[in-house]
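Enquirer: Take this structure first; my questions come after.
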Amino acid sequence: MNFTFLRTLLVLGRVSNLPTVWSNCLAGWWLSGGGNFWKLPFLLLGTSFLYVGGMFLNDAFDADFDRQRRAERPIPSNKISLDAVWKFGFAWLVLGILLLFCLGKTVGALGIVLAVFILIYDAAHKYLMASPWLMGACRFWVYVIAGATGAYGLNGWPIFCGAALALYIVGLSYVAKRESFRGAVPYWPLIFLVAPVILAIAMNSGKYLEPAFLVSLVMISWAAFSVRTIFLGGEINVSSVVTNLLAGIVFVDWLAVAPQIPALPSVIIFLALFGLTKLLQNFVPAT
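This is the structure:
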């Protein structure tokens, strides 16, 4: 396998966003008590393969559109055949589901649910205005899957925090739609970006409120930095806005667990994942 083809696979899989999938997994797992450390490799690999498979199939479904609007993508630029992308995409999905079944029938079944949502999104997102809600649902199911692997099993915390992340993804995805379709970036989807902060402040009190508040400031500051050009006027680089908001997913996950885990490990782990995301985005496009 030569370097050019390897890079094509990395671009198709949008692997620069994988650290955000890992932070989703860690957050959902921690919210369910952590533990069961032997399950983490299967969880991280399984969800990673599902993400990569979804990204491959996204390009496969969008091949005709990309030939007209995004000729630089791997399929229209003839870096890889459409048939190969279909095969790779479904292979990654199957492998991801099989890895999740190693964690039990419930987790495997949830993996199938996630795969179905991924396929529906990939097939419909260019034609369905409400497709950002499907994208949000995909990240929600990652939280649920991760929660089911924790020592306490699935409970309300990963469900509620997964829902807050889903709303953040909805806002991000409505902005991302303007990357393919010309037009002004609407303000109203940006409201969804603050959903995790509202939930964190509402669900934490006493000694748990301070870490929630501090990480909320980090998350809101990054989100404001990411979308600032939308309000400044002039030409907006939607790709840059979306790329930064994607990296901000790590801060959403950090906010979910900050009140429940020691400060030092959370700072190290989530800042490292954020830094890794931004580093990888310099080499592999996030969108």
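At position 139 of the sequence shown the residue is numbered 879 (this note's numbering), and the sequence of numbers has no breaks. For each residue, glycine too, the CB sits at the ideal point set by N, CA and C.
On a Cα-Cα basis, can you pick out the residue from 839, 916, 884, 836 that is closest to residue 901?
Expert: Among 839, 916, 884, 836, the Cα nearest to that of residue 901 is on 884.
Enquirer: Would residue 1017 and residue 996 be called neighbours here (beta carbons separated by less than 8 Å)?
Expert: Taking 8 Å as the Cβ cut-off, residue 1017 and residue 996 do not qualify as a contacting pair.
Enquirer: Enumerate in chain order the residues of its own chain whose CB-to-CB distance from residue 753 is below 7 Å, with the five nearest sequence positions on each side excluded.
Expert: Same-chain partners within the cutoff: 792, 795, 796.
Enquirer: Short check: CB of residue 763 to CB of residue 989, under 8 Å?
Expert: The answer is yes: Cβ separation under 8 Å.
Enquirer: Over the uninterrupted alpha helix (DSSP H) stretch that includes residue 856, give me the two end residues.
Expert: Run containing residue 856: 845-864, per the alpha helix (DSSP H) assignment.
Enquirer: Please determine if the segment 905-916 and the segment 857-877 are in contact, where contact requires at least 3 C-beta pairs separated by less than 8 Å.
Expert: Verdict: yes, contact present.
Enquirer: Around the C-beta of residue 832, are 16 or more other C-beta atoms found within 10 angstroms, so that it is buried, or is it exposed?
Expert: Label assigned to residue 832: buried.
Enquirer: Out of curiosity, what's the CA-to-CA distance linking residue 851 and residue 755?
Expert: Distance between the alpha carbons of residue 851 and residue 755 is about 19 Å.
Enquirer: Starting from residue 931, trace the alpha helix (DSSP H) both ways and give me its first and last residue.
Expert: No alpha helix (DSSP H) holds residue 931; DSSP gives it neither H nor E.
Enquirer: Out of 967, 897, 895, 955, which has the shortest C-alpha to C-alpha gap to residue 928?
Expert: Among 967, 897, 895, 955, the Cα nearest to that of residue 928 is on 967.
Enquirer: Where do the N-terminal and C-terminal ends of the alpha helix (DSSP H) with residue 975 fall, by residue?
Expert: Counting along the chain, residue 975 falls outside any alpha helix (DSSP H), and DSSP gives it neither H nor E.
Enquirer: From residue 770 to residue 980, what does the alpha carbon distance come to, in whole angstroms?
Expert: Straight-line Cα distance between these residues: approximately 31 Å.
Enquirer: Do residue 899 and residue 878 come within 8 Å of each other at the CB atom, strictly closer than that value?
Expert: In this structure, residue 899 does not lie closer than 8 Å to residue 878 by Cβ.
Enquirer: Within 10 Å of its beta-carbon, does residue 802 have 16 or more other beta-carbons around it, so buried, or fewer, so exposed?
Expert: Residue 802 comes out buried.
Enquirer: Measure the beta-carbon distance from residue 993 to residue 766 and round it to whole angstroms, keeping in mind my assumption that it falls under 8 Å.
Expert: 7 Å between Cβ atoms; contact.
Enquirer: State buried or exposed for residue 827, treating a residue as buried only when at least 16 other CB atoms are found within 10 Å of its CB.
Expert: It is exposed - the Cβ of residue 827 has fewer than 16 other Cβ atoms within 10 Å.
Enquirer: Rounded to the nearest angstrom, what separates residue 893 and residue 965 at their Cα positions?
Expert: Residue 893 and residue 965: Cα-Cα distance of roughly 37 Å.
Enquirer: Assign residue 779 to one of two classes, buried (16 or more other C-beta atoms within 10 Å of its C-beta) or exposed (fewer than that).
Expert: So residue 779 ends up on the buried side.
Enquirer: Run through DSSP, which three-state label would residue 842 get?
Expert: In the structure shown, residue 842 sits in coil (DSSP, three-state: anything other than H, G, I, E or B).
Enquirer: For the segment 759-828, list the alpha helix (DSSP H) runs that are entirely contained and at least 4 residues long, ordered along the chain.
Expert: Complete alpha helix (DSSP H) runs here, min 4: 780-801, 803-809.
Enquirer: Using 8 Å as the threshold, is the C-beta distance between residue 936 and residue 1003 below it?
Expert: The answer is no: Cβ separation not under 8 Å.
Enquirer: For a quick check, are the C-beta atoms of residue 787 and residue 848 less than 8 Å apart?
Expert: Cβ atoms of residue 787 and residue 848: not closer than 8 Å.
Enquirer: Classify residue 938 as helix, strand or coil using the three-state DSSP reduction.
Expert: Residue 938: helix per DSSP, three-state reduction.
Enquirer: Between residue 1026 and residue 757, what straight-line distance do the alpha-carbon atoms span, to the nearest angstrom?
Expert: In a straight line, the C-alpha of residue 1026 is about 6 Å away from that of residue 757.
Enquirer: So, at 6 Å on beta carbons, what are the nonlocal neighbours of residue 775 in its own chain, with the 5 sequence-adjacent residues on each side left out?
Expert: Excluding sequence neighbours, residue 775 sits near 891.
Enquirer: What residue range does the alpha helix (DSSP H) around residue 747 cover?
Expert: Where residue 747 is concerned, the enclosing alpha helix (DSSP H) stretches over 743-753.
Enquirer: Would residue 982 and residue 924 qualify as a contact pair, given that the criterion is a beta-carbon distance under 8 Å?
Expert: Contact: no.
Enquirer: Nearest-angstrom Cα distance between residue 1013 and residue 991?
Expert: Rounded to the nearest angstrom, the two C-alpha atoms are 9 Å apart.
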